[in-house]
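Report on the following structure.
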């Protein structure tokens with residue numbers, strides 16, 4: 009899904025346990041995709057959840073539900 013840049017501003021890196029998978033997924037991407045943020049989401053009963061590490065090294069929770077859209081906490 010596409011998200012406005014300001015929604016994820018500063019949220020750049022996957023958590024350590026997803027870093028290897030993220031690098032593998034990005035290996036086939038073109039140089040035009042370098043600024044795309046890749047978020048691994050896990051489905052639960054009503055939504056999708058994931059985490060990113062921001063520019064200060066803090067973990068941020070990502071929550072996506074069709075009814076509510078994307079939320080970054």
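In our numbering, the protein residues as written are 9 to 81.
Using N, Cα and C, we set each Cβ at its ideal position, and we do this for glycine too.
Owing to the predicted nature of the structure, the values given are computational and were not obtained by experimental measurement.
Check	Outcome
Using alpha carbons as the reference points, say which of 48, 67 and 76 lies closest to residue 57.	48
Here's a check: name, in chain order, each residue in its chain whose Cβ is nearer than 8 Å to the Cβ of residue 46, leaving out the five neighbours to either side.	22, 30, 33 and 34
Output needed for residue 81: all residues of its chain with C-beta closer than 6 Å, excluding positions within five of it in sequence on either side, in chain order.	69
Compute the Euclidean distance between the alpha carbons of residue 77 and residue 43, then round it to the nearest angstrom.	22 Å
Please determine whether the Cβ atom of residue 46 lies at a distance below 6 Å from any heavy atom of the ligand SAM.	Annotation note on the ligand SAM: not contained in the displayed structure, which lists no ligands.
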